[in-house]
Amino acid sequence: MSGAGGATRARLLIHASSDIPVDTPRVPAREAARHELSKPMYHENDPNLLQRGLDRLWEWLGDLFSAASDTAPGGPLGLIVLVLVVVGLAAALWWRLGTPQRTARPTDALFNDSPRSAAEHRTAAEAHAAAHRWDEAVQERMRAIVRSLEERALLDTRPGRTADEAAAEAGHSLPTHALPLRAAAREFDAITYGGRNTDRQAYLTVRDLDLDLENAKPLLTTTARGAAE
């Protein structure tokens, strides 16, 4: 390369490099763009917070439905059938069990009206049974059982006692009837607080328990047995 030619090429390279714009560093450029786009003029037509939330929800539901339809037998149609089956089962369960209503509250007490004797509760139970009002019949028969145990001094008379508490306490002195007593208390709770309907067979079971308890002999404690001897 000649001296004159080399000098000429060097001058051309210097001239060309002076025409290239200076690059802005990446981070300051990004910050400048973010600052510019944050101005209100660029967001006048943006959806509000509620609309953005709804859009996200619909996107999530769409993705969920898409993923479920991909894995469900038969694709989207199969998924729709599965959903209908689940809804049908839920409706059948609600119809059978009723709407759950049980909460911890003072009205869980077994007796919530003026005191009546066991005989009076039995009379009321039989009247309800004759009219096929099985829910009320079971309730009154369970009250007759507990009142009878109180009248026989197998349970102390205590306001506010629940059916579960009565069954548990009576099971100590009547251990052979502990399971039927708990079952009767659960039936009473399901009707009274769970919104479930019962039937004639359930009433006959509680009635038979009441009649059986009339002749049941309590298990004496060690102290009571020694005193009796």
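Our numbering puts the first residue of the sequence shown at -1, with every later residue one more than the last. Ideal Cβ positions, reconstructed from N, Cα and C, are used throughout, including at glycine.
Would Ala214 and His175 be called neighbours here (beta carbons separated by less than 8 Å)? The count along the sequence shown starts at 1 and reaches residue 214 at position 216. The count along the sequence shown starts at 1 and reaches residue 175 at position 177. Yes, the Cβ-Cβ distance between Ala214 and His175 is below 8 Å.
Which residues in the same chain have their Cβ closer than 8 Å to the Cβ of Ser146, if we skip the five residues on either side of it in sequence? As a first step, residue 146 is located in the sequence shown; it is residue number 148 there, counting from the start. Closer than 8 Å at the Cβ level, and outside the excluded window around Ser146, lie Ala116, Asp208, Leu211 and Glu212.
Contact between the segment 118 to 130 and the segment 178 to 193 (3+ Cβ pairs under 8 Å): The answer is no - the segment 178 to 193 does not touch the segment 118 to 130, with fewer than three Cβ pairs under 8 Å.
Here's the rule I'm using: 16 or more other beta-carbon atoms within 10 Å means buried, otherwise exposed. How should Asp133 be labelled? Taking the first residue of the sequence shown as position 1, residue 133 is located at position 135. That one is buried.
CB Leu177 to CB Ala168, shorter than 8 Å? Numbered from 1 along the sequence shown, position 179 holds the residue referred to as residue 177. Numbered from 1 along the sequence shown, position 170 holds the residue referred to as residue 168. Contact flag unset, no.
Under three-state DSSP, which class holds Arg131? Within the sequence shown, numbered from 1, the residue matching residue 131 stands at position 133. Correct three-state label for Arg131: coil.
Can you have a look at Gln49 and say buried or exposed, based on whether 16 or more other CB atoms are within 10 angstroms of its CB? Within the sequence shown, the letter at position 51 stands for residue 49. Counting Cβ neighbours within 10 Å, Gln49 comes out exposed, since fewer than 16 surround it.
Buried or exposed, going by whether 16 or more other CB atoms sit within 10 Å of the CB of Asp90? Numbered from its first residue, the sequence shown carries residue 90 at position 92. Here the sequence assigns Ala to residue 90, which means Asp is not the residue at that position. Under the 10 Å beta carbon count, Ala90 is surrounded by fewer than 16 other beta carbons and is classified as exposed.
Rounding to the nearest angstrom, what Cα-Cα distance links Arg141 and Leu108 in this structure? If you number the sequence shown from 1, residue 141 lands on position 143. If you number the sequence shown from 1, residue 108 lands on position 110. Spanning the two alpha carbons is a distance of roughly 7 Å.
Quick one: grab the DSSP three-state call for Ser115. In the sequence shown, counting from the first residue as 1, residue 115 sits at position 117. Three-state DSSP puts Ser115 in coil, outside helix and strand.
I'd like the span of the alpha helix (DSSP H) that includes Asp162, first residue to last. Within the sequence shown, the letter at position 164 stands for residue 162. Looking at the DSSP string, the run of the alpha helix (DSSP H) that includes Asp162 is Ala161 to Ser171.
Do you know how far the Cα of Tyr201 is from the Cα of Ala135? As a first step, residue 135 is located in the sequence shown; it is residue number 137 there, counting from the start. As a first step, residue 201 is located in the sequence shown; it is residue number 203 there, counting from the start. Distance between the alpha carbons of Ala135 and Tyr201 is about 7 Å.
I'd like to know whether the C-beta atoms of Arg139 and Arg205 end up nearer to each other than 8 Å. For the purposes of this step, residue 139 is identified with residue 141 of the sequence shown, where counting begins at 1. For the purposes of this step, residue 205 is identified with residue 207 of the sequence shown, where counting begins at 1. Cβ atoms of Arg139 and Arg205: closer than 8 Å.
Give the DSSP-derived three-state secondary structure of Tyr201 in the structure shown. As a working note, residue 201 is residue 203 in the sequence shown. Helix, per DSSP.
Whole angstroms is fine: what's the gap from Leu82's alpha carbon to Trp58's? By one-based count along the sequence shown, residue 82 stands at place 84. By one-based count along the sequence shown, residue 58 stands at place 60. Each residue's alpha carbon lies about 21 Å from the other.
Check this for me: beta carbons of Ala182 and Ala165, under 8 Å apart or not? Taking the sequence shown and counting its residues from 1, the one referred to as residue 182 is at position 184. Taking the sequence shown and counting its residues from 1, the one referred to as residue 165 is at position 167. Yes. Within cutoff.
Ala123 to Thr160 span [Cα, whole Å]: As a working note, residue 123 is residue 125 in the sequence shown. As a working note, residue 160 is residue 162 in the sequence shown. Spanning the two alpha carbons is a distance of roughly 19 Å.
For Pro216 and Leu152, what's the separation of their Cα atoms in angstroms? Taking the first residue of the sequence shown as 1, we reach residue 216 at position 218. Taking the first residue of the sequence shown as 1, we reach residue 152 at position 154. Their backbone Cα atoms lie some 8 Å apart in a straight line.
List the endpoints of the continuous alpha helix (DSSP H) containing Thr190. Residue 190 sits at position 192 when you count from the first residue of the sequence shown. For Thr190, the enclosing alpha helix (DSSP H) starts and ends at Ala176 to Thr190.
Using the three-state DSSP reduction, which class does Leu153 fall into: helix, strand or coil? As a working mapping, residue 153 is identified with position 155 in the sequence shown. Collapsing the DSSP output to three states places Leu153 in coil.
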